[in-house]
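A quick write-up on the structure given underneath.
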Amino acid sequence: MTLRRCLLPLVALCASTSLSAQTADPLAPTGRWSAYQGGSAQTPPMGWNSWNAFFTHVDEEKLMGSAERIRSSGLAQKGYRYINIDDGWWIKRRTSDNKLMIRTDKFPSAKVKGDPSFRPLTDKLHAMGFKAGIYSDLGRNICSQAYADGSEQLPEGSVAEREVGLYGHTDQDIRLFFADWGFDAIKVDGCGIRAYAADAPRVTSGQYRALAPLIDQHSISRSNIPAVKALFADINQSLAKYNPDGDYMLSLCIWGSANVRSWGKDVGNISRTSDDISPDWGRMLTNYDSAARRALYAHPGGWNDPDMLFIGKGDFDENHLTEARSHFSLWAMMNAPLLIGADLRTTPQALIDVFGNADIIALNQDPAGNQAVMAFDADGFQILVKTLANGDKAVALFNRGLAPVNAILTADHLKFRDDRPVALANLWTGEKSSFTKDMKLTIAPRETAVFRAKGDRTLADGLYLSEQPGMVNPAADGVVQPEPDPTIYRSIPNWRGTRGIGERPMYAGYGGAMADFTPYNQPLVIAGKTFTSGIGILANSRMEVRNNDFSRFAAQVGVDDSALTPDQPVRFFLYGDGKPLASTPPMRRGDPARPLAADVKGVKLIELVARADGVKANAVPVTWGDAALLR
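Each step along the sequence shown adds one to the number in the numbering used here, with nothing skipped, and position 545 is 532.
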């Protein structure tokens, strides 16, 4: 489906076309991994972006100065390879042929014979060992045009010349960025399909043309989700056309709106889960919370993105190293992109050392691709655990508050045996220690203590699915009515302050699949029996599980005791490479858990289906208790 077919007022047609394409049974096994496999992001992208430091006031000197610091400081050798130009680079769209023009007064190397070109800049970055990224928007216009006040580097000229976004020009612009200019990555914003309604002040004043919003950031019901997905589908089609080697990276930036957290994993390499971050502790908590419980929605090739690192300013400057280390540690544990937003030309060495902690970076770049899972979850304190490719565990103890926490780390948190020693290495201090069963630690205010742990697994002959979320894809998570997530910290946004009534839960992520908890963050319980390991998901769901040479799948399945409907029957099915392996009779709330197991030797893709005919709401959580792949 092309963008030309989606131009308003044909969005309704586009939406109906997308909906008709979805009439196939989403629970039917396909034997195919459906999460995003385009582009090149087998591990989370690392690098630098101009926005946090310079907003639209970006230029070649600032960009190259930061690139040089990444190289000279040793950060490049540690994996920081993307140098990304955000908003502020363009001056207009030439109306004679609709080609984008570069602001050559800010990027002098773009002055070449003929039309300005970023090719000299990208060639230089490539010669330095970097990859280059650029920025655009889904709409006709961009974020800075909608929200900037003062003398920003905004596009100039007539109304038409200032329409520099992708809308109506996707194929032409993607070809320009990648084939002609040599970029390797693109960040695509969504302000252009959100902020230019007919009654918007900058539209009524005649500055910009109206474009009926496809996104309402505060409302799922007022967002045209099929039309938004169609715009990204068009981008993906062009990216594949102009990058035949598949070496590109697509960043979706629509801030958790339009229910993107259910489908972003199927569309791009990184997908924003929240509004913009700012250098404030509270805002960092908001962005962290938007991704922290969504481990099953991140996989090699596609990652949750709670926005760029804001280390270098405010609560994360050189006078707040505890906070800076926490910010970095949490992003690493979540497998978030590690994109530096500081002016590296002036960044103190103490913060360069934070960015350069090789042991923490290794957790983020671990090839298993497992985002950390919550092992303990309270308002003021959390324990996150990640299973690494070599069998070690990473564990982060996060004190969100302003008073010390006397914490107890247990072997159970790590899914290690409690009668055998557990060895710990503190990845910030280098200190080594060990414990058996449990260990007491005092975690300072706003501190995140991070350890690499070695021990004997509770499950000696395999892995629980909740230990390998990077290999599990909720292709259909059963969510019928997307709900705002009440577990996300509601901070005071620095761009609005205390104007209005304050933020309400707005990011639609509640009710999605969770590791070791129900979709609504409750313990996994079937007929009174609690499972400390497993997957919680809604009925009418299908999960795809990649099998890495395991021989057997086993689980205890049933309707979770938290289900609101007592007599709704649910059947559980197991498929291997699209073929039926095992199933259960109908089960209801209160029925004891049933074993569901099968030989999966040689099977590449296992699919777990929970089907409840006639359910029209998010009413039936089901539990795949102790779900595991065994040798």
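Ideal Cβ positions, reconstructed from N, Cα and C, are used throughout, including at glycine.
Leaving aside the five residues that flank C240 on each side, the residues in its chain whose CB is nearer than 7 Å to its CB run, in chain order, K174, V175, D176, G177, R259. Secondary structure note for T610: its beta strand (DSSP E) is the uninterrupted segment 608 to 617.
Secondary structure note for Y122: its beta strand (DSSP E) is the uninterrupted segment 118 to 124. Taken through DSSP and simplified to helix, strand or coil, L326 comes out as strand. The distance from the Cβ of V372 to that of V382 is about 5 Å, consistent with a contact at the 8 Å cut-off. Listed in chain order, the alpha helix (DSSP H) runs fully inside the stretch 82 to 168 are 106 to 114, 130 to 134, 157 to 161, counting runs of at least 4 residues. With fewer than 16 other beta carbons inside 10 angstroms of its own, W482 counts as exposed. The criterion of a C-beta distance shorter than 7 Å is not satisfied by V532 and A597.
Restricting attention to S520, S83, D536, the CA atom closest to the CA of G612 is found in S520. Restricting attention to S21, R248, D171, the CA atom closest to the CA of D234 is found in D171. Between R433 and S313, the gap from beta carbon to beta carbon is short of 7 Å. Only buried fits P16, as 16 or more other CB atoms lie within 10 angstroms of its CB.
Take the alpha-carbon of S238 and the one of Q29: they are about 14 Å apart. Excluding residues up to 5 positions away in sequence, K419, F438, R439 lie with their Cβ nearer than 7 Å to the Cβ of A412 in the same chain.
The alpha carbon of R407 has as its nearest neighbour, out of F422, M501, V512, the alpha carbon of F422. Annotation for V546: the continuous beta strand (DSSP E) segment containing it runs 539 to 546.
Comparing alpha-carbon positions, the option among I161, F94, G563 lying closest to N223 turns out to be I161. For K228, no beta strand (DSSP E) segment is defined; the enclosing uninterrupted segment is the alpha helix (DSSP H) at 212 to 229. Taking 7 Å as the cut-off, the Cβ atoms of Y494 and A615 do not count as close. By the CB criterion at 7 Å, A119 and L112 fall inside the cutoff.
Under DSSP, A569 shares a beta bridge with L561. Per DSSP, V372 lies in no alpha helix (DSSP H) segment; the continuous beta strand (DSSP E) that holds it begins and ends at 368 to 374. Counting along the chain, the unbroken beta strand (DSSP E) around L592 starts and ends at 592 to 598. Under the rule that a run must span 3 or more residues, the beta strand (DSSP E) segments found entirely inside the stretch 442 to 521 read 449 to 451, 459 to 463, 495 to 497, 511 to 513, 516 to 518.
In the structure shown, T397 adopts extended strand secondary structure according to DSSP, grouped into three states.
When rounded, the separation of the alpha-carbon atoms in E310 and T474 is 21 Å. The residue among Y183, F94, P510 with its C-alpha nearest the C-alpha of E47 is F94. DSSP places W268 outside any beta strand (DSSP E); the residue lies instead in the alpha helix (DSSP H), whose first and last residues are 268 to 279. For W35, the three-state secondary structure derived from DSSP is strand.
By alpha-carbon distance to D340, the top candidate from E305, A362, L350 is E305. A straight line joining the alpha-carbon of I72 with that of D294 spans about 15 Å.
A direct Cα-to-Cα measurement between D564 and W20 gives close to 10 Å. Distance between A365 and R281, taken at the CA atoms: about 16 Å.
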